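Protein chains in written order, with my numbering: chain L, 3 to 158; chain W, 8 to 399. Note that beta-carbon positions come from the ideal geometry of N, C-alpha and C, so glycine has one too. Owing to the predicted nature of the structure, the values given are computational and were not obtained by experimental measurement.
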């Protein structure tokens, strides 16, 4: 800090003067989910639901309430199957600030064997070093520490 | 795509990349604008329009095109800020190019600038991690930007039996060229051993597989054919631009071995410039090596290597100067640095300097056909821009 101005500090690396501009701003988004509300109701019941266009049959996951393929707003909801194959995986070591308090975690993409679609989610596995591309995994719903239901992959 | 009227680069400017606590966003932009004006031999009054590539959620100004325009004496000129994630710079060039091609400007400037060190590093990790689908990937699962490419790396390395040591060879090459570039953030070589010992960021990618956080700016001045020929004997023509996009959610991709948007953008650009055998017809390339795996995948997406064979190019040093297709002779994003909005413009600066044979001798490619390629990806193949530059 400069002796006569608390807002000027000298850069920690090269000593150049910088103005310290610090404002508290909590990011709070209210994201409308009405069109996919059945997805959240499904999670509460332990199911992962995809939306499917009633007119053309296109399956959407992540779900959407309107079909961009045939422009129909008429979708129904189908439960995704559990059996998947691990397509890609990473262990996140350098975490975002808002995830800083979590232990290192695995994020994976699995291909659902029945539907042939890919899902991205956490992979919960006892020994992360045993994760192998191509291994069978299961899509399931768990509860976070806050009690919110969320989908993830687990080892068989 | 085919271009109806010719557009040339007539001036280029770039700043030192790195941690620039000596300069705010406006000054940083001005430093590259000043160089570009001097290089082109023109004044601000000659510029009809300028586009500004800046992602900028980590720096303080909400209207960077306006604030840097005031500093740089460009006030009153038409302008807009452009965003295409890490391909923002190439998008800014496209906007300036198209203004000239459409006949609404005779001379236009594209400025790329990014000031990333204005916020703490964890804030950057947080904000870049949202560069995909915020709700379905970041909010729920805490995916990071290196994490996206690490997913690709895991699938690619498994499919083609590529090792972490192979990825390290890309870092070694790009750091070697960074050591020869006075504008680069890292001007020192690294060894495979040093790369292998660096800490994991997102397994299997390590710190030395990753481009850094960077402050920097670059600017190019473009002109129509008549204006360019009055200004310079060495115009560098923008022969073609290929532009494509990919799905927001990575889960909507079929596999994790290739970026479809890169393939599409490359095909468009090659068609527009009449390129049928890129490795023979392109003299030098800058590709988007935000991570080492991205450079390998780029070789294949650009048709410089067959699927699964990119690693042979680096093992045989075919992408060094003097090789079959020199790539990232400026150090690439890895060593030169990656100020997100400036990167695509910096690639153009490098392409022009290579084609004018103005690079330092140790990293000047042999210019035989007079053609250079830039490949600039936004996000993880969310945006892709491939541009071909030519002296003919």
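By DSSP's criteria, residue i is part of a beta bridge. Which residues make up the other side?
i, result
"residue 151 of chain L", "L:145"
"residue 140 of chain L", "L:85 and L:156"
"residue 342 of chain W", "Residue 342 of chain W is not bridged to any residue."
"residue 56 of chain W", "W:85 and W:115"
"residue 121 of chain W", "W:223"
"residue 21 of chain L", "L:10"
"residue 228 of chain W", "W:18 and W:116"
"residue 383 of chain W", "W:392"
"residue 93 of chain L", "L:108 and W:210"
"residue 248 of chain W", "W:394"
"residue 120 of chain L", "L:113"
"residue 185 of chain W", "The partner list for residue 185 of chain W (beta bridge, DSSP) is empty, contrary to what the question assumes."
In angstroms, rounded to a whole number, what distance separates the CA positions of residue i and residue j?
i, j, result
"residue 77 of chain L", "residue 37 of chain L", "10 Å"
"residue 148 of chain W", "residue 100 of chain L", "11 Å"
"residue 139 of chain W", "residue 158 of chain W", "13 Å"
"residue 3 of chain W", "residue 288 of chain W", "Limits of chain W in this structure are 8 at one end and 399 at the other, which puts residue 3 of chain W out of reach."
"residue 90 of chain W", "residue 258 of chain W", "23 Å"
"residue 48 of chain W", "residue 135 of chain W", "38 Å"
"residue 158 of chain L", "residue 317 of chain W", "35 Å"
"residue 8 of chain W", "residue 200 of chain W", "Model confidence at residue 8 of chain W stands at a pLDDT of 43, short of 50, so the residue's coordinates are unreliable; what they give is reported in the following sentence. Using only the alpha carbons, I get a separation of about 44 Å."
"residue 352 of chain W", "residue 226 of chain W", "6 Å"
"residue 192 of chain W", "residue 132 of chain W", "19 Å"
"residue 354 of chain W", "residue 147 of chain L", "46 Å"
"residue 251 of chain W", "residue 80 of chain L", "32 Å"
"residue 19 of chain L", "residue 392 of chain W", "38 Å"
"residue 40 of chain W", "residue 120 of chain W", "10 Å"
"residue 383 of chain W", "residue 6 of chain L", "46 Å"
"residue 188 of chain W", "residue 194 of chain W", "7 Å"
"residue 180 of chain W", "residue 217 of chain W", "13 Å"
"residue 398 of chain W", "residue 378 of chain W", "7 Å"
"residue 142 of chain L", "residue 336 of chain W", "48 Å"
"residue 33 of chain W", "residue 82 of chain L", "51 Å"
"residue 1 of chain L", "residue 142 of chain W", "This structure gives no information on residue 1 of chain L, because the portion of chain L shown stretches from 3 to 158."
"residue 93 of chain L", "residue 389 of chain W", "22 Å"
Can you list the residues of chain W that residue i reaches, using a CB-CB cut of under 8 Å?
i, result
"residue 23 of chain L", "67"
"residue 156 of chain L", "Within 8 Å Cβ-Cβ: nothing; residue 156 of chain L doesn't reach chain W, min ~14 Å."
"residue 7 of chain L", "Near residue 7 of chain L there are no residues of chain W at all, since even the closest Cβ is about 17 Å away, more than 8 Å."
What does residue i reach in chain W if we use C-beta pairs closer than 7 Å?
i, result
"residue 85 of chain L", "Per Cβ cutoff of 7 Å: no residues; residue 85 of chain L is ~16 Å from chain W at best."
"residue 64 of chain L", "143 and 256"
"residue 94 of chain L", "149, 151, 154 and 209"
"residue 148 of chain L", "What residue 148 of chain L touches in chain W: nothing, since even the nearest Cβ is about 12 Å away."
"residue 71 of chain L", "Residues of chain W passing the Cβ test: none, with the nearest at roughly 13 Å."
Of all the options the options, which has the alpha carbon lying nearest to the alpha carbon of residue i?
i, options, result
"residue 297 of chain W", "W:21, W:203 and W:213", "W:213"
"residue 102 of chain L", "W:129, W:168 and W:240", "W:129"
"residue 159 of chain L", "L:130, L:85, L:133 and L:137", "A query on residue 159 of chain L cannot be resolved here, the shown segment of chain L reaching from 3 to 158 and no further."
"residue 109 of chain W", "W:342, W:250, W:14 and W:328", "W:14"
"residue 138 of chain L", "L:97, L:145, L:95 and L:91", "L:91"
"residue 233 of chain W", "W:242, W:227, W:225 and W:226", "W:242"
"residue 71 of chain L", "L:54, L:132, L:79 and L:81", "L:54"
"residue 334 of chain W", "W:166, W:165, W:176 and W:154", "W:176"
"residue 65 of chain W", "W:340, W:122 and W:376", "W:122"
"residue 60 of chain W", "W:83, W:86 and W:99", "W:99"
"residue 153 of chain W", "L:98, L:156, L:133 and L:7", "L:98"
"residue 8 of chain L", "L:17, L:21 and L:83", "L:21"
"residue 286 of chain W", "W:141, W:302 and W:312", "W:312"
"residue 119 of chain L", "L:134, L:51, L:125 and L:149", "L:51"
"residue 88 of chain L", "L:153, L:27, L:135 and L:14", "L:135"
"residue 2 of chain W", "W:274, W:321 and W:367", "The question about residue 2 of chain W has no answer, for chain W in this structure spans 8 to 399."
"residue 110 of chain L", "W:124, W:116 and W:144", "W:144"
For residue i, return the contacting residues in chain L, with the cut-off set at a CB-CB distance below 8 Å.
i, result
"residue 29 of chain W", "16 and 18"
"residue 136 of chain W", "98"
For residue i, go through chain L and note every residue whose CB falls closer than 7 Å to its CB, in chain order.
i, result
"residue 178 of chain W", "Those do not exist, as residue 178 of chain W stays about 17 Å from chain L at its closest Cβ, beyond 7 Å."
"residue 133 of chain W", "98, 99 and 100"
"residue 233 of chain W", "Going along chain L, no residue has its Cβ under 7 Å from residue 233 of chain W, so there is no contact; the nearest lies around 44 Å."
Would you mind telling me which residues of chain W sit closer than 9 Å to residue i, beta carbon to beta carbon, in chain order?
i, result
"residue 104 of chain L", "149"
"residue 91 of chain L", "157, 158, 161, 162 and 210"
"residue 10 of chain L", "By Cβ distance, chain W contributes nothing, its closest Cβ being about 12 Å from residue 10 of chain L, past 9 Å."
"residue 139 of chain L", "The contacting residues do not exist; residue 139 of chain L stays about 14 Å from chain W at best."
"residue 121 of chain L", "258"
Run through chain L and tell me which residues come within less than 9 Å of residue i, C-beta to C-beta.
i, result
"residue 165 of chain W", "90, 134, 135 and 136"
Subject >> Interface positions of the segment 15-41 of chain L facing chain W (Cβ-Cβ less than 8 Å), listed along the chain >> reply: 15, 16, 18, 20, 23 and 33
Original post:
What are the residues of the segment 100-129 of chain W that lie near chain L, defined by any Cβ-Cβ distance shorter than 7 Å?
Top reply: 129
**OP:** Give, in chain order, every residue of the segment 150-162 of chain W whose Cβ lies closer than 8 Å to some Cβ of chain L.
**Re:** 150, 151, 153, 154, 157, 158, 159, 160, 161 and 162
Subject >> Residues from the segment 123-134 of chain L in contact with chain W, defined by Cβ distance under 7 Å >> reply: 123 and 124
Original post:
Which residues, in order along the segment 237-269 of chain W, keep a beta-carbon less than 9 Å from a beta-carbon of chain L?
Top reply: 256, 257, 258, 259, 260, 261, 262 and 263
Original post:
According to a CB-to-CB cut-off of less than 7 Å, which residues of the segment 12-41 of chain W neighbour chain L?
Top reply: 26, 28 and 29
**OP:** Output, in sequence order along the chain, the residues in the segment 302-322 of chain W whose CB is closer than 9 Å to any CB in chain L.
**Re:** none
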